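First the structure, in the form of structure tokens, and then the observations on it.
In the numbering used here, the protein residues as written are 1 to 201.
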């Protein structure tokens, strides 16, 4: 009799265990957690759009398109090391942009950003910020040498300032990376809008 109770108790426990880590079937929430494997690659198309309004009316639009490749370098129980690489950055309307602006838009093309996330996929930090800074500085110096326009130097100087620290690169340059990883590690309810505000210079 005791043997039957023990077997029945184990059966109930084993049946209930898998359900502990999942949302209830009737629940309308979803928990987003990263389950990446080392060596995995993900590709995205990215469209950035900037709109200007005056008196509530749209007066102009601009932006760019690019492709992004994300690769998983390391996967442990507590963190992931990933790389993010922009490819084929193209302004949507080259007719209204001068040559310098077009080149500045594609400044990060081909540069590999190596960064760390938590075990659930939340962004933690950029690991190779000095390498990124040095690569961009080389490109900016080349642009300065190629340009004869007097207004170029102040623009390039300001661009260098943006890449001068780890914090500024993370906040201004890695907005796309951080936006993607904001999704991870949270629970979302069906039909509940998620909004956010950001301000950049």
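Note that CB positions come from ideal geometry on N, CA and C, so glycine has one too. In this text the structure is predicted, and so the values were computed from the model without any measurement.
{"Query": "Beta-carbon proximity of residue 202 to residue 34, cut-off 7 Å", "Result": "With the chain represented from 1 up to 201, any question about residue 202 goes unanswered, as that position is not in the structure."}
{"Query": "Nearest-angstrom Cα separation, counted from residue 168 out to residue 49", "Result": "22 Å"}
{"Query": "Whole-angstrom distance between residue 128 and residue 111, CA atom to CA atom", "Result": "11 Å"}
{"Query": "Residue burial classification, residue 173 (beta-carbon count within 10 angstroms, cutoff 16)", "Result": "buried"}
{"Query": "Bridge partner(s) assigned by DSSP for residue 181", "Result": "According to DSSP, which records beta bridges pairwise, residue 181 is partnered with nothing at all."}
{"Query": "Check: residue 51 C-beta below 6 Å from any heavy atom of the ligand SAH", "Result": "Within the structure as shown, the ligand SAH is missing, as the structure has no ligands at all."}
{"Query": "Local conformation of residue 129 per DSSP, three classes", "Result": "helix"}
{"Query": "Every unbroken alpha helix (DSSP H) within the region 80 to 105, with a cutoff of 4 residues, ordered by chain", "Result": "99 to 105"}
{"Query": "The region 140 to 147 contacting the region 37 to 54, beta-carbon criterion three pairs below 8 Å", "Result": "no"}
{"Query": "Those residues which DSSP pairs with residue 168 across a bridge", "Result": "BP columns for residue 168 are empty, so no partner."}
{"Query": "For residue 130, the nearest candidate out of 123, 46 and 115 (CA to CA)", "Result": "115"}
{"Query": "Backbone secondary structure at residue 136 - three-state DSSP", "Result": "helix"}
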